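Have a look at the structure below before the remarks.
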Amino acid sequence: MKTDIQIAQEAKMKPIMDIAQDVGISEEEVELYGKYKAKVNLSIWDRLKDKADGKLVLVTAINPTPAGEGKSTTTVGLGQALARLGKRSAIALREPSLGPVFGIKGGAAGGGYAQVVPMEDINLHFTGDMHAITTANNLLSAAIDNHITQGNALGIDMRQIVWKRVMDMNDRALREVVVGLGGKANGFVRQDGFMITVASEIMAILCLSTGMMDLKDRLSRIIIGYNYENKPVTAGDLKVHGAMALLLKDAIKPNLVQTLENTPSFIHGGPFANIAHGCNSIMATKLGLKLVDYLITEAGFGADLGAEKFMDIKCRYAGIAPSAVVIVATVRALKMHGGVKKTDLGQENVPALEKGFENLKKHIENINKFGVPVVVAMNKFITDTEAELAKLTDLCRIQGVEASICEVWEKGGEGGEDLASKVVEACEKESNFKLLYDANESIKDKIGKIAKEIYGAKGVQYTGKAEKEIKLLEDLGLDKYPICMAKTQYSLSDNPDLVGRPEGFEITVKEVRVSAGAGFIVALTGDIMVMPGLPKIPSAEKIDIDEKGVITGLF
Numbered sequence: 004m005k006t007d008i009q010i011a012q013e014a015k016m017k018p019i020m021d022i023a024q025d026v027g028i029s030e031e032e033v034e035l036y037g038k039y040k041a042k043v044n045l046s047i048w049d050r051l052k053d054k055a056d057g058k059l060v061l062v063t064a065i066n067p068t069p070a071g072e073g074k075s076t077t078t079v080g081l082g083q084a085l086a087r088l089g090k091r092s093a094i095a096l097r098e099p100s101l102g103p104v105f106g107i108k109g110g111a112a113g114g115g116y117a118q119v120v121p122m123e124d125i126n127l128h129f130t131g132d133m134h135a136i137t138t139a140n141n142l143l144s145a146a147i148d149n150h151i152t153q154g155n156a157l158g159i160d161m162r163q164i165v166w167k168r169v170m171d172m173n174d175r176a177l178r179e180v181v182v183g184l185g186g187k188a189n190g191f192v193r194q195d196g197f198m199i200t201v202a203s204e205i206m207a208i209l210c211l212s213t214g215m216m217d218l219k220d221r222l223s224r225i226i227i228g229y230n231y232e233n234k235p236v237t238a239g240d241l242k243v244h245g246a247m248a249l250l251l252k253d254a255i256k257p258n259l260v261q262t263l264e265n266t267p268s269f270i271h272g273g274p275f276a277n278i279a280h281g282c283n284s285i286m287a288t289k290l291g292l293k294l295v296d297y298l299i300t301e302a303g304f305g306a307d308l309g310a311e312k313f314m315d316i317k318c319r320y321a322g323i324a325p326s327a328v329v330i331v332a333t334v335r336a337l338k339m340h341g342g343v344k345k346t347d348l349g350q351e352n353v354p355a356l357e358k359g360f361e362n363l364k365k366h367i368e369n370i371n372k373f374g375v376p377v378v379v380a381m382n383k384f385i386t387d388t389e390a391e392l393a394k395l396t397d398l399c400r401i402q403g404v405e406a407s408i409c410e411v412w413e414k415g416g417e418g419g420e421d422l423a424s425k426v427v428e429a430c431e432k433e434s435n436f437k438l439l440y441d442a443n444e445s446i447k448d449k450i451g452k453i454a455k456e457i458y459g460a461k462g463v464q465y466t467g468k469a470e471k472e473i474k475l476l477e478d479l480g481l482d483k484y485p486i487c488m489a490k491t492q493y494s495l496s497d498n499p500d501l502v503g504r505p506e507g508f509e510i511t512v513k514e515v516r517v518s519a520g521a522g523f524i525v526a527l528t529g530d531i532m533v534m535p536g537l538p539k540i541p542s543a544e545k546i547d548i549d550e551k552g553v554i555t556g557l558f
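See the structure below:
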């Protein structure tokens, strides 16, 4: 079987200007980044602002396992399949981070014959958005230390600086650092740290902004730390939010590329799905909705994280609602949720599948709480048996949802035509979209609803640290934002070892932080890694380029 990069390198891409014109974007609205990549100028909104929206379809998944689920691949394949059915379709995805590309996780451009291309560019520097976000973030870091060195007129308490530096690479040695060493000329010594770029609040801000002025306003509200009176100090106080916005003037523009089958693809933004909201930008999504009849997008990790945040954060701020939700599952992954070891997944095991189905069942129930029709996409593996696929189909129908065997990895859009037909049918059903909670509720009430309604927890425990942080946010009037739960993706609980559908558990909130620029409150459970490390054998060891510029080893 050919590798993903071999398939991508054989793709017959159209010039991106042709893709733009096919989707209704004029030449004056396109900013070319070579022959096959482009940005869409924000002037397009003046022309499209009053145009009716198409149907929005969210692709999410069960809790991920080492067996693999294929959410991005399904998203791409579904977009291609809808086009094959004669529907005007496009997809909207997040941009990959260089950290996972050279680490262990891989990219985010799909796989097999359901990929976005040019794959190498998308997974590497693309149009420079990640670098712009990194630079804007670190400009703010530099301004903080410079302000303190130059007299600290704002009275910033160096013990309460919460803003971190970032870089778009996995580097565990930078998680905790000391800056300002080397004498008086180098500023004051203090403890600092680095996160990966996609964990920066600026990434979340970019993805939740609705335009340049909204972006600048959100940047000004970033809380970098607190003064000696425990009052927040912001990027606006440091007067660098305008310069930060300038650095992001191109990054805010949605990127346009294509799939292997020339379906238009908006790849823009890439926030973490645990520490942030895990969705592509509002601007790319809303642009796609103005241009096509069906826009397929995805949210990170399982539906307990990505889909919940898509609904309660992204849809809340964007004023949009999905017409249907696709939940991606595999027989292999469900058997793992049913207790089967990875080494034994090739053997038929219907009882384990039934047990593991409880995880999928809970996600179906959760999407129903948002009032949106559901379709299950069963990504097929060669080891799946007819009995297992039939049982999974029956179990889904008992829950009142249609299930479709999906073979887009192997067959591209052709392998997703049945899924596409079922999605079209689902989009014609009545959608009674509703949010899970009112943002004006108390922090604990909002967290409690997510924990009990979405995770199935019996309650929530708070550390003393979290209690103090909640009280501070309430006193400062910063408690009326939606909640962004930072939790393990591997379990409905905050314990990654509790697979399937755990019951009778409590979650523990260790810390509560506000991302005032992004506009959400982060509640941290468990240990959330914001600066990953490289594995023993990183993907970087396998990636190479020859004298003709041909890249190998990139998936």
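Residue numbering for the sequence shown is 4 to 558, as defined by this note's numbering.
A virtual CB, placed ideally from N, CA and C, is assigned to each residue, including glycine.
Remember, it's a predicted structure, so these values are computed and weren't measured experimentally.
Which residues in the same chain have their Cβ closer than 7 Å to the Cβ of residue 237, if we skip the five residues on either side of it in sequence?
223, 224, 225, 226, 227
Length-filtered (4 minimum) alpha helix (DSSP H) runs lying within the stretch 154–240
204–211, 215–223
Go to residue 92, then tell me how far its beta strand (DSSP E) extends in each direction, as first and last residue.
92–96
Rounding to the nearest angstrom, what Cα-Cα distance links residue 548 and residue 522 in this structure?
42 Å
Quick one: what does DSSP say residue 355 is sitting in, helix, strand or coil?
helix
Boundaries (first-last residue) of the alpha helix (DSSP H) holding residue 451:
446–452
Taking only runs that begin and end inside the stretch 9–85, name each unbroken alpha helix (DSSP H) of 4 or more residues, in chain order.
19–25, 47–51
Excluding the five sequence neighbours on either side, which residues of its own chain have a C-beta within less than 8 Å of the C-beta of residue 183, listed in chain order?
148, 189, 190, 191, 192, 193
Do three or more CB pairs link the stretch 295–312 to the stretch 95–107 at distances below 8 Å?
yes
Can the beta-carbon of residue 205 be found less than 8 Å from the beta-carbon of residue 535?
no
Would you mind reading off the limits of the alpha helix (DSSP H) that contains residue 338?
334–340
Hey, residue 73 and residue 419 are a contact pair by Cβ (cut 8 Å); roughly how many whole angstroms apart?
Between residue 419 and residue 73 the Cβ distance is about 11 Å, and since that is not below 8 Å, they are no contact.
Please determine, among 67, 269, 118, the residue with the shortest C-alpha to C-alpha distance to residue 23.
269
Delimiting residues of the alpha helix (DSSP H) encompassing residue 288:
285–294
Leaving aside the five residues before and after residue 562 along the sequence, list all residues of the same chain whose C-beta is less than 8 Å from its C-beta, in chain order.
Residue 562 cannot be examined here, being either before or after the span of the chain that is shown, 4 to 558.
Output the distance between the C-alpha atoms of residue 251 and residue 180, rounded to the nearest integer angstrom.
27 Å
Which two residues bound the contiguous alpha helix (DSSP H) that contains residue 4?
First-last for residue 4: undefined, no H or E at that position.
Coarse secondary structure for residue 384, derived from DSSP in three states
coil
Rank 46, 105, 141 by C-alpha distance to the C-alpha of residue 126 and give the top, closest one.
105
Taking just the CA atoms, how far does residue 529 sit from residue 90?
43 Å
Three-state secondary structure (DSSP) of residue 478:
helix
Compute the beta-carbon to beta-carbon distance between residue 388 and residue 351, rounded to the nearest angstrom, for a pair I have assumed lies under 8 Å.
5 Å
If contacts are defined as beta-carbon pairs under 8 Å, then residue 28 and residue 43 qualify, I think. What distance do you get, rounded to the angstrom?
6 Å
Start-end ranges of the beta strand (DSSP E) lying completely within the stretch 399–462, minimum 3 residues
405–409
The stretch 115–135 touching the stretch 148–160, judged by at least three CB pairs closer than 8 Å
no
Please state the DSSP three-state secondary structure of residue 100.
coil
Residue 484 in three-state terms, based on DSSP:
coil
Spatial neighbours of residue 490 within its chain, please: C-beta separation below 7 Å, excluding the five flanking residues on both sides.
277, 308, 497, 528, 529
For the pair the stretch 421–440 and the stretch 323–331, tell me if three or more CB-CB distances fall below 8 Å.
yes
Outcome for residue 401 when other beta-carbon atoms lying within 10 angstroms are tallied against a minimum of 16:
exposed
For residue 15 and residue 445, what's the separation of their Cα atoms in angstroms?
53 Å
Restricting to Cα atoms, I'd like to know which of 261, 260, 219, 264 is closest to residue 247.
219
Among 166, 346, 154, 157, which residue has its Cα nearest to the Cα of residue 142?
166
Keeping to the same chain, check which residues put their C-beta closer than 8 Å to that of residue 261; ignore five residues upstream and five downstream.
16, 17, 19, 22, 39, 119, 120, 267, 268
For residue 263, name the three-state secondary structure that DSSP assigns.
coil
Length of the line joining the Cα atoms of residue 58 and residue 242:
41 Å
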